[in-house]
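A short worksheet on the structure shown next.
Numbering (the numbering used here), first residue to last: 2 to 455.
Here it is, written out as structure tokens:
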């Protein structure tokens, strides 16, 4: 048995520790517990102190309620902080957290600096409206569907109006939920903006032109376009259930001197196929796309996102973007935003990313970005520039555990889902149910006559 808990010195109880992992969810029962062994992994004293300092910063009164006397100050803690303390993850390996830990953490990823620091993306000075529309008539029991998906939020926007807005898991419209790989599509959009702004000359440029530390690696002959379509041919494992896969290991990379940690890991990967000949999903490569945008623009991704998207699109709340251990935004993951702002992002893309009558991306970008550029081996589907595509013209941004922004231009439709799938990071049953729900929404709109019959 190992000590799996994160500990804080307990005021007034010399030699004892508060064990956050063992705290009951009820604030009235918070008490100082003696340290005892539980299954898990060892946490160092240094990391323990960091956790305590982080919690004090995120919720300054937290430790005040954990003294030997019991409950002083508990009323100042918000429910999210209490829930998080009751289920504090014992490590930062998100793929291997329990479902209760994920429930608590996915709405607080930017509020515990132990997990990752973040950059803020300010809210727009001129928030755009999301007016209510006529309720959408669906045959599916939406509450049952959301329970099956373990949805924290479900929004359906059609022709600019909210046709459905529901929340679950104790989440609400004022909270921020993590995006996971939905952020990949944000980063792709910033590539388009960087091309339009002249920071990136051509998608056919070699990646090493913008990230010189990749010179001499398997990425030598890989183009920016091939990075966007995940057809680099570089070997990678995206197995979410394997702690030894690349996707599980690359964030732990200790960087070489003067080098970004991600680049330090990616430059050591071997080649598996010639560039442009094979599609392979790789979060590491989207993170490289993010690094490329930062190198080209000389701006943090959060700053460029605020400038090109968040402000112009009229986002109502600030967002955050988690950082790597070397202080750069993680291009393939982890924007924290309100569900309504994810909907606004979908609308912004649906309307061509137009600002004052001009798109932030080059002419023809959306045709290339959101239609099939790589064969993923699934009939009727493909991959564009960090967007999952469907042959009917719809496309989606997709993240593990059930995050998504589905966009159907033909029906002027955006569907946002924030979730914590019970079946894990990539739950095939939940994914199939969500795809079926998308089809049902499309059919309901067709029945309304939104798309004229041929």
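Note that beta-carbon positions come from the ideal geometry of N, C-alpha and C, so glycine has one too.
By the three-class DSSP mapping on this structure, what secondary structure does residue 413 have?
coil
Are the region 156–173 and the region 120–136 touching by the rule of at least three beta carbon pairs closer than 8 Å?
yes
Have a look at residue 173 and residue 110 and give me their C-alpha separation to the nearest angstrom.
16 Å
CB residue 332 to CB residue 287, shorter than 8 Å?
yes
Taking C-alpha atoms, which residue in 252, 209, 282 and 376 lies nearest to residue 335?
252
Tell me whether residue 180 is buried or exposed, calling it buried when 16 or more other Cβ atoms sit within 10 Å of its Cβ.
buried
In the structure shown, what three-state DSSP assignment does residue 440 receive?
helix
Other residues of its chain near residue 450: CB distance less than 6 Å, five sequence neighbours each side excluded:
none
Taking the continuous beta strand (DSSP E) assigned at residue 382, which residues delimit it?
382–384
Residue 391: first and last residue of the uninterrupted beta strand (DSSP E) it sits in
389–391
Quick one: any contact between the region 340–357 and the region 427–444, if contact means 3 or more CB pairs under 8 Å?
no
Please confirm whether residue 183 and residue 289 have their CB atoms less than 8 Å apart.
no
C-beta atoms of residue 382 and residue 372 nearer than 8 Å:
no
Identify the continuous beta strand (DSSP E) that holds residue 396 and give its terminal residues.
396–400
Just checking, does the region 139–148 make contact with the region 300–307 on the three C-beta pairs under 8 Å criterion?
no
Got a sec? Which residues, its chain only, sit under 6 Å from residue 453 by beta carbon, not counting five neighbours each side?
none
Could you check whether the region 305–323 touches the region 241–255, counting it as contact only if at least three pairs of C-beta atoms, one from each stretch, sit closer than 8 Å?
no
If residue 417 sits next to residue 156, beta carbons under 8 Å apart, how far is it from one beta carbon to the other, in whole angstroms?
4 Å
Would you please state the rounded distance, in angstroms, between the beta carbons of residue 293 and residue 386? I believe it to be under 8 Å.
That pair is no contact at about 13 Å.
Complete beta strand (DSSP E) runs within the region 117–182 (minimum length 3 residues, chain order):
119–122, 152–159 and 162–168
Please report the distance separating the alpha-carbon of residue 443 from that of residue 413.
10 Å
Let me check understanding here. Comparing Cα to Cα, which of 404, 216, 368 and 135 lies closest to residue 475?
Residue 475 lies beyond the stretch modelled for the chain, which goes from 2 to 455, so this question has no answer here.
What are the residues that DSSP puts in a beta bridge with residue 235?
272
Residue 352 versus residue 238 - alpha carbon distance
35 Å
Using C-beta distances below 7 Å, list every residue in its chain close to residue 340, excluding the 5 sequence neighbours before and after it, in chain order.
154, 156, 174, 178, 417 and 419
Give me the Cα-Cα distance between residue 102 and residue 360, rounded to the nearest whole angstrom.
41 Å
Using DSSP with H/G/I as helix, E/B as strand and the rest coil, what is residue 453?
coil
Do the CB positions of residue 138 and residue 445 come within less than 8 Å of each other?
yes
My assumption, with CB atoms under 8 Å, is that residue 201 sits in contact with residue 225. Please give the rounded CB distance.
7 Å
Under a three-way DSSP split, which group does residue 360 fall into?
strand
Suppose you measure from the CA of residue 394 to the CA of residue 410; what does that come to, to the nearest Å?
7 Å
Pairwise C-alpha distance: residue 105 and residue 35
Caution applies to residue 35, whose pLDDT of 33 falls short of 50 and renders its modelled position unreliable; the value that the coordinates give is listed next. Residue 35 and residue 105: Cα-Cα distance of roughly 24 Å.
Roughly how many angstroms lie between the CA atoms of residue 205 and residue 342, to the nearest whole one?
32 Å
Residue 367 by DSSP, collapsed to three states: which one?
helix
Can you tell me where the beta strand (DSSP E) with residue 336 in it begins and where it stops?
336–338
Where does residue 425 fall in DSSP's three states?
coil
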